[in-house]
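K.L.:
The sequence shown begins at 7 in our numbering and counts up one residue at a time.
Cβ atoms here follow ideal geometry from the backbone N, Cα and C, with glycine treated the same way.
These numbers come from a predicted model, not from an experiment.
Before anything else, here's the structure in question.
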Amino acid sequence: FNTTIRYCKAMLGGGIALDTANIKMNSNLIFDNEGWSDGGGLYCIHSSPLIENTVFKGNYGSSGGGMACWYYSSPILNNVGFTANDATIHGGGLFCKYYSNPNLNEVTFKQNTASYGAAMNFNENSNPIIFKTSIIGNHSLTSSGAFSCGINSNPVIINSTIAGNSSVSGGVSYIYDSHPVFLNCILWDNEPAAFWFADWDQYTNAVQFAY
Numbered sequence: 007f008n009t010t011i012r013y014c015k016a017m018l019g020g021g022i023a024l025d026t027a028n029i030k031m032n033s034n035l036i037f038d039n040e041g042w043s044d045g046g047g048l049y050c051i052h053s054s055p056l057i058e059n060t061v062f063k064g065n066y067g068s069s070g071g072g073m074a075c076w077y078y079s080s081p082i083l084n085n086v087g088f089t090a091n092d093a094t095i096h097g098g099g100l101f102c103k104y105y106s107n108p109n110l111n112e113v114t115f116k117q118n119t120a121s122y123g124a125a126m127n128f129n130e131n132s133n134p135i136i137f138k139t140s141i142i143g144n145h146s147l148t149s150s151g152a153f154s155c156g157i158n159s160n161p162v163i164i165n166s167t168i169a170g171n172s173s174v175s176g177g178v179s180y181i182y183d184s185h186p187v188f189l190n191c192i193l194w195d196n197e198p199a200a201f202w203f204a205d206w207d208q209y210t211n212a213v214q215f216a217y
């Protein structure tokens, strides 16, 4: 609680690494940390922490510049900010893989960068619930200014705003073998197009909107 973690470096979890740990974090500032592999700010494996009123800023990792979740990690994030985090490959703000299903409530993603999924990247059966979240002004060097989802990852996005994100392809989302659902969301001014669907024959892709 009420902790600042800065200028830390590690292979996994530059700021914090959790292995089979369900801790509580509140009112923390995690910034300018580096994870050489994954999780610049925070790395989770088999862990589902409760994170509230916390800021991840200026962290760097290969995947999950701000935070990386691997193997059945399903954290709860309430009132959390991801700002100006960077990933070389996946998920500038948040990266989830292998059955990791985070629950996001009133989370903001701003000015994060990555090659794939500047704000978030979901892969290998990861199915987050995203509620009242703002994804604004993130930029991908390759695809998915907001987020990408693939290989049976099916996020549900509710009452959220996704605006001003950009990439070479897919301003909002790059989709392969996944089926995201948008309920009562605002999608605006994402470049060059809202969605990009992989056209590989072995994958099926779909997106659903409801109001």
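Name the one or two DSSP bridge partners that aspartate 25 has.
P.N.:
Its beta-bridge partners are Ile51.
K.L.:
Since glycine 156 contacts alanine 120 with CB under 8 Å, what's their CB separation in whole angstroms?
P.N.:
Glycine 156 to alanine 120, Cβ: 14 Å. No contact.
K.L.:
Taking a contact to mean a Cβ-Cβ separation below 9 Å, would you say serine 54 touches tryptophan 76 in this structure?
P.N.:
No, they are not a contact pair.
K.L.:
What number of angstroms, rounded off, separates the C-alpha of glycine 20 from the C-alpha of alanine 204?
P.N.:
Their Cα atoms are separated by approximately 33 Å.
K.L.:
For alanine 74, which three-state DSSP category applies?
P.N.:
It is a strand residue.
K.L.:
CB serine 69 to CB histidine 96, shorter than 9 Å?
P.N.:
Cβ atoms of serine 69 and histidine 96: closer than 9 Å.
K.L.:
Among Tyr49, Asp195 and Asn109, which one has its Cα closest to the Cα of asparagine 133?
P.N.:
Residue Asn109 is the option with its Cα nearest to asparagine 133.
K.L.:
Per DSSP, threonine 119 forms a beta bridge with which residues?
P.N.:
BP columns for threonine 119 point to Asp92 and His145.
K.L.:
Could you check what DSSP says for glutamate 58 in three-state terms: helix, strand or coil?
P.N.:
Three-state DSSP puts glutamate 58 in a strand.
K.L.:
Does DSSP put cysteine 155 in a helix, a strand or coil?
P.N.:
Here cysteine 155 sits in strand by DSSP.
K.L.:
Figure out for me which residue from Val187, Ile163, Ala152 and Asn129 has the closest Cα to the Cα of proline 198.
P.N.:
Closest by alpha carbon: Ala152.
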